[in-house]
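*Asks:* So that we are looking at the same thing, I have put the structure below in structure tokens.
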Amino acid sequence: MSNSTIVTRFAPSPTGYLHAGGARTALFNWLLARHAGGKFLLRIEDTDLARSTQDAVDQLLEDLKWLGLKWDNAELVYQSKRLPIYNKLIDGLIADGKAYEAWESSEELEALRTEAAKSKKAYIYKRRSYSADDLNRFRDEGRKPVVRFAMPVKEYRFHDITLGKDISQSPYEVQDFVIRKGDGMPTYHFGVVVDDAEMGVTHVLRGLEHLLNTVPHIALQEALGYPRPTYAHLSVMLNPETGEKLSKRDRDRRIRKKSQEWMRNQKKSIDDLAAACGLASDRLSDWIKTDTMQLDLSEQPSVMKVVGLKEADLPEIMIHDFRKNGYFPEVLNNFLALQGWNPGGDLEQMSMEKMTELFSLDRINPSNPKFNRDKLQSFNTEFASTASPARLLAGLRDYLSVNPDSSLHTASDADLLKVLEMKKGFRTLRQVDEASRFLFQPDDQIAYEPDAVEKVLKKNDGQGLAVLKDLLPLLTAVVDWKAANIEAVVNAYVEQTKLGLGKVAQPIRVAVSGGTVSPPIFESLELLGKDKTLGRINRCLM
RNA sequence: GGCCCUGUCGUCUAGAGGCCUAGGACACGGCCCUUUCAAGGCCGCGACACGGGUUCGAAUCCCGUCAGGGUCACCA
């Protein structure tokens, strides 16, 4: 490995499923490394003991694998396992007088900040000296000190590639920041700097929210004698509805909003809602009032069901959401890449290989894009229309693996392939699922839409029903149950009655599917089978 | 509020002083196709935030205004 090899990394903190913003950051790092023939490393930043769980790590890894972003380090780097390394370094800094113990409690600091806010100023930590008495008192109180890095006071300046310019911070902004927390864990700032250096990271691509964090980082690099990596900060993706940073919380917000509407429209109280959901009333009441509290992933479905929200109604934020809603990973990557990067000219739809070939840092855009899913859907549609049957089948199977409730589970690969073919032009795999559900559901689970029954079957003195009645013996007579044969019989009937295909096909459609929308009817009937088709028509006539 | 970043159609963007009466994609509207819903084909609508400079010439450079976003933790 030569010195010029590019090494990038993705360093998420494990707090649940990967979200779109994180995925884009991972993708850009991956793309840069692959393009340059370098390495893409993965590190788990689990220094926040309260929030990090192994479950979250597993979910993260699953999403990354699904996206196809393979990392090159065989052994995952967990910061929580590297404490001795950090501590040795921190103790060294203290010995050199470059860091020191600070004893202020969170409450004291909080008070100082509020005071600063009152006079409309940013609070800047100032180092204090403690008397021996102070120290004794703190220890008696059981306080745990943090370690702060003594920032050399000067102007800091670094170059950012995506911004294409130098960013600087004045000496007046400089403040001593915490590098070791009271619980003995290093802070994010310390962990990144040390690990990036030790892992040989040459390029740091991260969200723009980290732009000013770079200042403490370069200060630490200077103190520790590390080289400075190349920095490229990525724009933040915005929620098109709120205009704010795309956040996992956005889904919860949608549920809350809908719940409030539900209560208003149905004239129900929070207790009614809680009862209907089977959740604790006081918990729900806390949740509905504040924007800061979120429902657990396990609680969301029951509330959604009660207030009438479907999975597809929620904004997809997490990669897992996109997977559940039936997007293809290569399409999602393509779309994510376009949020802030493009190869120039008119080229938009690209394979991973093409993106890898064309990727370059100087084509990254610094302005914040609003994350609008319309185009993603269109890309998904386009991809599906050109993908091989094998690819589509694999996609559908993957979709089913994260949608355990789908009735398509009982279908064979051959049937799934037929469904995929019938639904050609579909946008998401979820549409394939929902549109063809009736083909695999037991007869008694078909839900008849009242509007459809009224309009197509009962209207005009039950004209639709009359058609079904006529059709029943004709269809019964079909020996070889194939779409073409069924079509021939139905067409002959249409010809004879001069009703028009619409007047005949729609009643059949409602009878077998319960609604007015389905895949092409004759293929559907073939797949459904003769017995089930006749049975469902009979049920309508009874 | 301080500090920082950004500002081309509704959205994602092309555009590196003349190739720009600003190109593409999505969305939207219309027409065609059609047994439903889609998909598809054709056509259309639609933007350089504003004000000053610099220049023979500015979407492109500079300044200001305005707007949007980020950040101000013992979270990352």
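According to the working numbering, the first sequence is numbered sequentially starting from 14.
Just so you know, even glycine gets a beta-carbon here, dropped at the ideal spot from N, CA and C.
This one's a predicted model, so the numbers in the text were calculated from it and none came from an experiment.
1) Is R22 near T369, with beta carbons less than 7 Å apart?
2) Taking the CB atoms as reference points, tell me whether N338 and T243 lie closer together than 7 Å.
3) For the putative contact between I301 and Q273, defined by C-beta atoms under 8 Å, what is the C-beta separation to the nearest angstrom?
4) Do P27 and V90 have their C-beta atoms within less than 7 Å of each other?
5) Going straight from the alpha carbon of S537 to that of G475, what length do you get?
6) How far does the alpha helix (DSSP H) with E114 in it reach, from first residue to last?
7) Taking just the CA atoms, how far does L54 sit from I19?
8) For L55, which beta-bridge partners are listed by DSSP?
9) Got a sec? Which residues, its chain only, sit under 6 Å from V187 by beta carbon, not counting five neighbours each side?
10) Would you kindly check if the distance between the Cβ of H246 and the Cβ of D173 is under 7 Å?
11) Report the residue from D295, V469 and P455 whose alpha carbon sits nearest the alpha carbon of S420.
12) For N252, which residues of its own chain have a beta-carbon under 6 Å away from its beta-carbon, when the five flanking residues on both sides are left out?
13) Anyone know if the C-beta pair for N416 and Y340 falls short of 7 Å?
14) Decide if P463 is buried, meaning its Cβ has at least 16 other Cβ atoms within 10 Å, or exposed.
15) Would Y412 be called buried (16 or more neighbouring beta carbons within 10 Å of its own) or exposed?
16) Do Y136 and R126 have their beta-carbon atoms positioned less than 7 Å apart in this structure?
17) Taking the CB atoms as reference points, tell me whether L487 and V507 lie closer together than 7 Å.
18) Please classify P342: does DSSP put it in a helix, a strand, or coil?
19) At which residue ranges does the segment 117-201 contain complete alpha helix (DSSP H) runs of 4 or more residues, listed in the order of the chain?
20) So what does I377 bridge to, in DSSP terms?
21) Would you mind giving the Cβ-Cβ distance between A24 and R56, rounded to the nearest angstrom? I have them listed as a contact below 8 Å.
22) Considering only C-alpha positions, which residue in the set L484, K94 and K139 is nearest to E114?
23) Consult DSSP for M306 and reduce its assignment to one of helix, strand or coil.
24) Helix, strand or coil, according to DSSP, for T576 in the structure here?
25) Going by DSSP, which residues form a beta bridge with M331?
26) Report the residue from F384, L389 and R443 whose alpha carbon sits nearest the alpha carbon of M363.
27) Cα separation between G29 and K431?
28) Does DSSP put L89 in a helix, a strand or coil?
29) Taking all protein chains shown into account, decide if K436 is buried (16 or more other Cβ within 10 angstroms of its Cβ) or exposed.
30) Compute the distance between the beta-carbons of L218 and N42, then report whether it is under 7 Å.
31) Just confirm the distance between the C-beta atoms of P328 and S248, as a whole number of angstroms; I'd bet it's less than 8 Å.
32) Determine contact between the segment 74-81 and the segment 98-108, defined as no fewer than three beta-carbon pairs at a distance below 8 Å.
33) Applying the criterion that 16 or more other CB atoms from any shown protein chain within 10 Å of the CB defines a buried residue, is V492 buried or exposed?
34) Count the other CB atoms within 10 Å of the CB of S65; is the residue buried (16 or more) or exposed (fewer)?
35) Return the bridge partner residues of G220 from the DSSP annotation.
36) Taking the CB atoms as reference points, tell me whether V525 and A465 lie closer together than 7 Å.
*Replies:* A quick look at the data gives this:
1) no
2) no
3) 7 Å
4) no
5) 24 Å
6) Premise fails: E114 lies in the beta strand (DSSP E), A112 to A115, not in any alpha helix (DSSP H).
7) 11 Å
8) F23
9) M164 and V166
10) yes
11) P455
12) L259 and D263
13) no
14) exposed
15) buried
16) yes
17) no
18) helix
19) 119-131 and 145-154
20) W354
21) 4 Å
22) K139
23) coil
24) Shown here, the chain extends from 14 to 555; a query on residue 576 therefore has no answer.
25) H32
26) L389
27) 36 Å
28) coil
29) buried
30) yes
31) Actually they are not in contact, since the Cβ atoms of P328 and S248 sit about 19 Å apart, beyond 8 Å.
32) no
33) exposed
34) buried
35) L247
36) no
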